[in-house]
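*Asks:*
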Amino acid sequence: MIGKGILKGMMETARNLTGSFHDPERLTTVSYPEEKIPAKENARNFPFLVYDGDDWESGLRCVSCQICEKECPPQCIYIEKDTQKKADFLGKLQFQPKVFDIDVSVCMGCQICVEVCPFESIRMDRDFEYAKSDRFEGLLLHKEQLAKSNKYYHQIHPTEATETDAIREGKRQDHLAKERAKAEKLAQAKEAASKSQSKEPNKE
Ligand code: SF4
Ligand code: SF4
């Protein structure tokens, strides 16, 4: 019958409307901002910069490689490299960002910056309450506003943060194995050199 689907839809709407007065399950909206629906684990809005430990400046993972800046489709990331270097989690000296800004009025939340970052430094936040009266400076987030701890990352995206920790631990183990292999090779070379020296006839 023509219109059967429309009637069915209207019945469902009417059922939800009347039901919403007595059944909380049928309430599809809440009185925001007084009430908030808890965000889902996979919810994402804008990026943030992850730091390890308690000090955001020394713990910032970003090494200022600028890959995310180049790959961001609307070009809303702005990075200036510092001339100073600091040790990363493997002990290697790396650059750090002197300036790291994201214009969240332009960011489209595509997550490409996250996908291209080789250092697990940038991740997606769930925070969305960024409304400001100043559309320009107010929505240009600087590194001190973007920096959020790994603990926070675990709170908002526990599964993804645990996987990221495992990736970093894997990298650390690979690095340690390479360092050990290098040290062993060096020790073997030294031993071989001292053996060949002791075999040489005394010319005096
Ligand atoms: S989420 Fe997309 S638009 Fe936003 S900063 Fe990252 S790459 Fe750019
Ligand atoms: S966030 Fe990642 S990709 Fe972007 S500059 Fe820092 S280390 Fe490079």
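Quick note: the sequence shown uses my numbering, first residue 24, plus one each step. Even for Gly, the Cβ is constructed at its ideal location relative to N, Cα and C.
Based on Cα-Cα distance, which residue from Ile125, Val86, His198, Cys140 lies nearest to lysine 104?
*Replies:* Here the closest residue by C-alpha is Val86.
*Asks:* Using only the heavy atoms of ligand 1, determine whether one of them is closer than 7 Å to the beta carbon of glutamine 89.
*Replies:* Result no, Cβ not under 7 Å from ligand 1.
*Asks:* Measure the Cβ-Cβ separation of leucine 83 and isoleucine 145 and say whether it is below 8 Å.
*Replies:* Not in contact: leucine 83 and isoleucine 145 (Cβ atoms no closer than 8 Å).
*Asks:* Run through the DSSP bridge pairs and tell me what alanine 170 is partnered with.
*Replies:* Answer by DSSP bridge pairing, in chain order: Leu72.
*Asks:* Please report the straight-line C-alpha distance between glycine 32 and arginine 49, rounded to a whole angstrom.
*Replies:* Those two C-alpha atoms are separated by around 15 Å.
*Asks:* Taking the alpha carbon of tyrosine 55 as the point to measure from, which residue in Ser219, Phe151, Pro96, Asp157 has its own alpha carbon closest?
*Replies:* Comparing Cα positions, the closest option is Phe151.
*Asks:* Rounded to a whole number of angstroms, what is the C-alpha to C-alpha distance between phenylalanine 44 and glutamate 35?
*Replies:* Roughly 15 Å between the two C-alpha positions.
*Asks:* For a test of your reading of the model: does the CB of valine 122 fall under 7 Å from any non-hydrogen atom of ligand 2? Yes or no.
*Replies:* Flag unset: Cβ of valine 122 not near ligand 2.
*Asks:* Checking 8 Å against the spacing of the C-beta atoms, do serine 128 and arginine 149 come in under that value?
*Replies:* Result no, Cβ atoms of serine 128 and arginine 149 do not sit closer than 8 Å.
*Asks:* Let me know the beta strand (DSSP E) ranges lying completely inside the region 64-114, each 3 residues or longer, listed in chain order.
*Replies:* Runs found: 70-74, 100-110.
*Asks:* Just grab the DSSP bridge partners of valine 53 for me.
*Replies:* Answer by DSSP bridge pairing: none, since valine 53 is not bridged.
*Asks:* Apply the 10 Å Cβ neighbour rule to alanine 170 and answer buried if 16 or more other Cβ atoms are within range, or exposed otherwise.
*Replies:* Buried, by the Cβ-count rule.
*Asks:* Distance check for tyrosine 175 and threonine 187, CA to CA, integer angstroms please.
*Replies:* In a straight line, the C-alpha of threonine 187 is about 13 Å away from that of tyrosine 175.
*Asks:* Rounded to the nearest angstrom, how far is the Cβ of valine 137 from that of proline 70, given a contact under 8 Å?
*Replies:* Rounded, the Cβ-Cβ distance is 7 Å, consistent with contact.
*Asks:* Between which residues of its own chain and glycine 42 is the CB-CB distance below 6 Å, once the five residues before and five after are set aside?
*Replies:* Arg49, listed in sequence order.
*Asks:* Less than 7 Å between the CB of cysteine 85 and some heavy atom of ligand 2, yes or no?
*Replies:* Yes.
*Asks:* Where does the unbroken beta strand (DSSP E) through valine 122 begin, and where does it stop?
*Replies:* It spans 116-126 - the beta strand (DSSP E) in which valine 122 sits, taken as one unbroken run.
*Asks:* Return the CA-CA distance between asparagine 68 and glutamine 178, expressed in angstroms with no decimal places.
*Replies:* Spanning the two alpha carbons is a distance of roughly 16 Å.
*Asks:* Spatial neighbours of alanine 66 within its chain, please: C-beta separation below 7 Å, excluding the five flanking residues on both sides.
*Replies:* Here the set comprises Arg149.
*Asks:* Which two residues bound the contiguous alpha helix (DSSP H) that contains isoleucine 146?
*Replies:* Looking at the sequence provided, one finds arginine at residue 146 rather than isoleucine. Element bounds for arginine 146: not the alpha helix (DSSP H) but the beta strand (DSSP E), 145-147.
*Asks:* Determine the extent of the alpha helix (DSSP H) in which glutamine 134 is found, giving its start and end residues.
*Replies:* Counting along the chain, glutamine 134 falls outside any alpha helix (DSSP H), and DSSP gives it neither H nor E.
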